[in-house]
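Below is one structure; the comments refer to it alone.
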Amino acid sequence: MPDDGGFTTRSGLVVPAEALSVRFSRSSAPGGQHVNTSSTKVDLRCDVCLVVASDVVTNRLLETLGPEVRVVVSSERSQLRNRTEALRRLGERLDEAAIIPIDRRPTRPTRASVRRRLDDKRRHAERKATRRYRDND
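Note that the numbering used here has the sequence shown beginning at 761, numbered continuously upward.
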């Protein structure tokens with residue numbers, strides 16, 4: 761993590777400190793009496809427009825996540841661990857949203873697979889036909 765407070769995700773997106781807004785509040789997480797006096801819950805917000813990425817990726821992030829991403833973590837007793845976890849989750853969400861899906865190329869079944877399917881279908885129909893009741897009157 762750079763000294764300026766920003767970070768880089770696994771896929772190479774650079775999130776500057778200016779894009780991040782961190783708030784701490786009291787949590788209902790584990791901690792006993794300590795939890796009543798400590799602000800360990802982390803509310804991390806990230807302005808997607810300030811994330812350094814290519815135009816295509818930035819548009820994809822805005823399309824997928826919207827203009828602001830919010831991550832709230834209160835699972836740990838420590839403010840530092842909650843903040844670290846929030847940054848990790850934010851990075852994961854940004855990486856996941858930045859993936860541009862590959863367009864599916866339509867394919868056709870092979871001639872052999874069509875033949876096998878129809879043969880199985882015919883055999884199944886014959887098997888059922890032999891079970892039918894036939895009145896010989």
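A virtual CB, placed ideally from N, CA and C, is assigned to each residue, including glycine.
With fewer than 16 other Cβ atoms inside 10 Å of its own Cβ, Lys881 counts as exposed. Counted as a single uninterrupted DSSP element, the alpha helix (DSSP H) harbouring Glu856 occupies residues Gln839 to Ala858. In this structure the region 854-863 lies against the region 801-820, because at least three pairs of beta carbons, one per stretch, are closer than 8 Å.
If you draw a straight line from the Cα of Lys888 to the Cα of Asp879, it comes to about 14 Å. The beta carbons of Glu852 and Val833 sit no closer together than 8 Å. Ala779 counts as buried, since no fewer than 16 other beta carbons sit within 10 angstroms of its beta carbon. Boundaries of the alpha helix (DSSP H) around Asp880: Arg871 to Arg891.
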